[in-house]
Amino acid sequence: MTKLKVPVAQADHILGEEVAPVTLVEYGDYECPHCGHAHPIVQSVRKHFGEQLRFVFRNFPLTQIHPHAEMAAEGAEFAGAKGRFWEMHDGIFQNQSRLGTALLVELAGQLRLSSDELTTALENHEYLSRIKDDFMGGVRSGVNGTPTFFINSVRYDGAPEFEELVEAITEQLPNRKGERRHAG
Amino acid sequence: MAHILAPGISAPDFTLPVTADQSLSLRDLRGRPVVLAFYPADWSPVCGDQMALYNEVHPEFQKYNAEVVGISVDGVWCHAAFARDRSLHFPLLADFEPKGAVAKAYGVYREKDGISERALFVIDEEGVIFWSYCSPIAVNPGAEGILEALENLKEKRLSDDQAQSSRRAS
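Given below as structure tokens:
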């Protein structure tokens, strides 16, 4: 069983409440087509579980095969520093086929963030060390490709599809465990 | 069934082609740790992930002065196309003729399928196996086991050195 070595902390990008019984952590790459495929699935899974699920996204850019992945992560982190991480995150995945500086500038504009500041942040790699930290934490936790999910800190090796994820998350819900005890 | 070679065993030497006109011998790499990553085939999606991951983690391996080599039964031209496509920064060895001979020597050949297991070895500076691991064929073993082994090897060397210098001092 491969376990998450870096616990979810305040600095993470988090959707949902700490009291949620299940936490889903995704290590993803903005240029990875499988992550693009998983993006609306994760949204549906979050909707399905509502307050019972907390979602965390961490960067795992495979820069050697995805030349825009790191820059996209830097763009998302830039927006994150302004409190707009998730809008940028969604915008990038929804426009994955157009990934590049122009797209990031356009998305920043839609969020009313300064494109000059964004360009400077990208040029100076202001958010790169955070991204590298995410990446190495992922490597140490056994992230072996993208996307890699952890459900309550245990690596999920199943398919990144709606039904499979829902089933694996449901197994972790406390009332479900109770049901099982009754059944047994 | 063959068994994967265990730590403590001297790593069988080999010479395999890296490109059409270059070859690499394990003994050439003496003096630094070697990460030997057997994988079933170029191009299959899981393998791509595994090699892409090692490529990405390559700077970390280099911090331990370790040499990473991938090895499969694919031929040199296949490796060349694969390495170019994925911009790999480490050599891929062709265990092609006689097919799978090196995989067999390390106890990681799948006779039935004609490919090697997804198996990892960390070989120390003196050519002795320090750590080995065979992953289920469908599961990318990731890099954390390798990094942990390299860290343990480094610590062992440090404590060996300390023991030696304290012996000298006394």
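First to last, the protein sequences are chains D and U.
Counted from 1, the first sequence has number 3 at position 3 by our numbering; the numbering is strictly sequential.
So the mapping is simple: our numbering equals the position in the second sequence, first residue as 1, plus 1000.
Note that beta-carbon positions come from the ideal geometry of N, C-alpha and C, so glycine has one too.
Could you tell me which chain D residues have their CB closer than 9 angstroms to the CB of residue i, listed as they occur along the chain?
| i | result |
| --- | --- |
| residue 1140/U | 144, 145 |
| residue 1105/U | Simply none; closest approach about 26 angstroms. |
| residue 1049/U | 62, 144, 145, 146 |
In chain U, which residues lie with their C-beta within 8 angstroms of the C-beta of residue i?
| i | result |
| --- | --- |
| residue 140/D | 1144, 1147 |
| residue 157/D | 1139 |
Need the endpoints of the beta strand (DSSP E) that residue i sits in, please.
| i | result |
| --- | --- |
| residue 1067/U | 1067 to 1072 |
| residue 1093/U | 1092 to 1094 |
| residue 1119/U | 1118 to 1123 |
| residue 127/D | Premise fails: residue 127/D is in no beta strand (DSSP E) and is neither H nor E. |
| residue 1129/U | 1129 to 1135 |
| residue 1024/U | 1022 to 1025 |
May I ask which residues mark the beginning and end of the alpha helix (DSSP H) holding residue i?
| i | result |
| --- | --- |
| residue 115/D | 115 to 123 |
| residue 1044/U | Residue 1044/U -> no alpha helix (DSSP H), and no H or E assigned at all. |
| residue 1153/U | 1144 to 1169 |
| residue 1015/U | It is not in any alpha helix (DSSP H) - residue 1015/U instead sits in the beta strand (DSSP E) that spans 1015 to 1019. |
| residue 1108/U | Unbroken run through residue 1108/U: none, as it is neither H nor E. |
| residue 92/D | 85 to 94 |
| residue 1081/U | 1076 to 1085 |
| residue 1036/U | No alpha helix (DSSP H) contains residue 1036/U, which is instead part of the beta strand (DSSP E) from 1034 to 1038. |
| residue 105/D | 101 to 110 |
What residues from chain D crowd round residue i, counting only those whose CB sits closer than 7 angstroms?
| i | result |
| --- | --- |
| residue 1055/U | 64 |
| residue 1132/U | Going along chain D, no residue has its Cβ under 7 angstroms from residue 1132/U, so there is no contact; the nearest lies around 18 angstroms. |
| residue 1052/U | 62, 64, 65 |
To the nearest whole angstrom, what separates the beta carbons of residue i and residue j, a pair I think is in contact under 8 angstroms?
| i | j | result |
| --- | --- | --- |
| residue 1125/U | residue 1012/U | Wrong, their Cβ atoms sit about 17 angstroms apart, outside the cutoff. |
| residue 1123/U | residue 1102/U | Not quite, the Cβ-Cβ distance comes to about 13 angstroms (not below 8 angstroms), so this is no contact. |
| residue 138/D | residue 27/D | 5 angstroms |
| residue 36/D | residue 96/D | 4 angstroms |
| residue 1119/U | residue 1004/U | 6 angstroms |
| residue 15/D | residue 86/D | 7 angstroms |
| residue 18/D | residue 58/D | Going by Cβ atoms, the distance from residue 18/D to residue 58/D rounds to 17 angstroms, so no, they are not a contact pair. |
| residue 1094/U | residue 1075/U | 5 angstroms |
| residue 56/D | residue 89/D | About 12 angstroms separates the two Cβ atoms, so there is no contact after all. |
| residue 117/D | residue 69/D | In fact, because the Cβ distance is near 21 angstroms, the residues do not count as touching under 8 angstroms. |
| residue 111/D | residue 72/D | Incorrect: roughly 15 angstroms between the Cβ atoms, too far for contact. |
| residue 1026/U | residue 1038/U | Actually they do not touch by this definition, with Cβ atoms about 13 angstroms apart. |
| residue 1100/U | residue 1073/U | 5 angstroms |
| residue 195/D | residue 91/D | The structure shown does not extend to residue 195/D, since chain D spans only 1 to 184, so no value can be given for it. |
| residue 1121/U | residue 1016/U | Actually they are not in contact, since the Cβ atoms of residue 1121/U and residue 1016/U sit about 14 angstroms apart, beyond 8 angstroms. |
Taking C-beta pairs closer than 8 angstroms, name the residues in chain D that residue i reaches, listed in chain order.
| i | result |
| --- | --- |
| residue 1087/U | 64, 65 |
| residue 1042/U | Under the 8 angstroms cutoff, chain D gives no residues; its nearest Cβ is about 14 angstroms from residue 1042/U. |
Give a yes or no on whether the minimum CB-CB distance between residue i and chain A is below 7 angstroms.
| i | result |
| --- | --- |
| residue 1043/U | Looking for chain A here will not work: the only protein chains present are D and U. |
Open item on the list: If we require 3 or more residues per run, which beta strand (DSSP E) segments fall completely within the segment 5 to 80 of chain D?
Closed with: 13 to 15, 22 to 28, 53 to 59
TODO: Write down every uninterrupted run of the beta strand (DSSP E) in the segment 135 to 181 of chain D whose length is 3 residues or greater and which is fully enclosed by it, in chain order.
DONE: 148 to 151, 154 to 156
TODO: Check whether the segment 40 to 51 of chain D touches the segment 67 to 78 of chain D, taking contact to mean three or more Cβ pairs, one atom from each stretch, closer than 8 angstroms.
DONE: no
- [ ] Kindly confirm or deny that the segment 1143 to 1152 of chain U and the segment 1124 to 1131 of chain U touch, where touching means at least three C-beta pairs closer than 8 angstroms.
- [x] yes
TODO: Say whether the segment 148 to 159 of chain D touches the segment 1056 to 1075 of chain U, bearing in mind that this needs 3 or more beta-carbon pairs closer than 8 angstroms, one atom from each stretch.
DONE: no
- [ ] State whether the segment 1047 to 1056 of chain U contacts the segment 1082 to 1098 of chain U, with contact taken as three or more CB pairs (one from each stretch) at a distance under 8 angstroms.
- [x] yes
Task: Touch test, the segment 36 to 46 of chain D against the segment 120 to 130 of chain D, Cβ-Cβ under 8 angstroms, three pairs minimum - done: no
Task: Cβ contact check for the segment 1076 to 1086 of chain U and the segment 1005 to 1023 of chain U: 3 or more pairs under 8 angstroms - done: yes
Open item on the list: Quick check: the segment 12 to 25 of chain D against the segment 163 to 173 of chain D, are at least 3 beta-carbon pairs closer than 8 angstroms?
Closed with: yes
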